[in-house]
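These notes concern the structure reproduced below.
Residue numbers (our numbering): 5 to 135.
Rendered as structure tokens:
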């Protein structure tokens, strides 16, 4: 279960605003109850669907959810810094919950290949670096 979706949904339903950072085509808050894998589960989804839609609509109307898409680690970090600077005036009333699986390691830009997997130079080799 994606924790970022669950936490965002719960925080929104508690009346707090959330900037939801996500990758393209990732799950959105309020969608967990709508995922079904069998016919029986789909019947339950129809029943749950209206309730989920109404909760999502209430959060949307209250402007408590701001989805912001990212595609690269650099973009994610840049927007995180901008959000921190924008929220600085409210001090301890702001909270950051970082749950995006952006990357488990850091690759300096100078060593980042043009394509994701370089297969022309033999087997894949991965080396981790500290920023």
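A virtual CB, placed ideally from N, CA and C, is assigned to each residue, including glycine.
Using DSSP's beta-bridge definition, name the partner residues of residue i.
i, result
"residue 71", "24"
Could you tell me the distance, in whole angstroms, from the CA atom of residue i to the CA atom of residue j?
i, j, result
"residue 90", "residue 101", "16 Å"
"residue 95", "residue 88", "10 Å"
"residue 63", "residue 17", "7 Å"
"residue 69", "residue 34", "11 Å"
"residue 93", "residue 9", "27 Å"
"residue 58", "residue 85", "33 Å"
"residue 31", "residue 114", "32 Å"
"residue 98", "residue 20", "10 Å"
"residue 80", "residue 72", "10 Å"
"residue 139", "residue 77", "Missing from the structure shown is residue 139; the chain here goes from 5 to 135 and no further."
"residue 67", "residue 56", "17 Å"
"residue 112", "residue 60", "39 Å"
Measuring CB to CB, does residue i end up less than 8 Å from residue j?
i, j, result
"residue 25", "residue 82", "no"
"residue 103", "residue 22", "no"
Taking residue i and residue j to be in contact with their CB atoms under 8 Å, please state how far apart those CB atoms are, rounded to whole angstroms.
i, j, result
"residue 75", "residue 27", "7 Å"
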